[in-house]
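Counting with our numbering, you get residues 605 to 676 for the letters of the sequence shown.
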Amino acid sequence: MATQVAHRAFGPRQVEQLREIYERARAVRAQYPESHVANKAARKLIDAFEAAARNEETSEHWLSEVDPQGNA
Numbered sequence: 605m606a607t608q609v610a611h612r613a614f615g616p617r618q619v620e621q622l623r624e625i626y627e628r629a630r631a632v633r634a635q636y637p638e639s640h641v642a643n644k645a646a647r648k649l650i651d652a653f654e655a656a657a658r659n660e661e662t663s664e665h666w667l668s669e670v671d672p673q674g675n676a
């Protein structure tokens with residue numbers, strides 16, 4: 605499970621910080637239009653998080669446990 609790998613690599617506090625960053629990036633994507641620079645930066649950040657989750661070869665996305673708001 606990717607969460608276990610992340611906990612071993614970063615520790616619980618850092619994992620929680622990463623989740624918060626991910627959640628906020630999703631909120632930014634929901635708040636701004638796609639052409640906005642903040643939306644573009646958030647999209648790159650989210651893609652990086654999701655690529656890391658896919659690289660762990662797991663069907664679970666440890667960061668997708670959040671409840672996104674809007675259409676992010």
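A virtual CB, placed ideally from N, CA and C, is assigned to each residue, including glycine.
- Assignment of Pro616 by DSSP, reduced to helix, strand and coil, places it in the helix class.
- Between the alpha carbons of Lys644 and Arg633 lies a distance of about 8 Å.
- In the three-state reduction of the DSSP assignment, Tyr626 falls in the helix class, which pools H, G and I.
- The Cβ atoms of Tyr636 and Phe653 lie no closer than 7 Å to each other.
- For the pair Leu649 and Ala631, the CB atoms are not nearer than the 7 Å cut-off.
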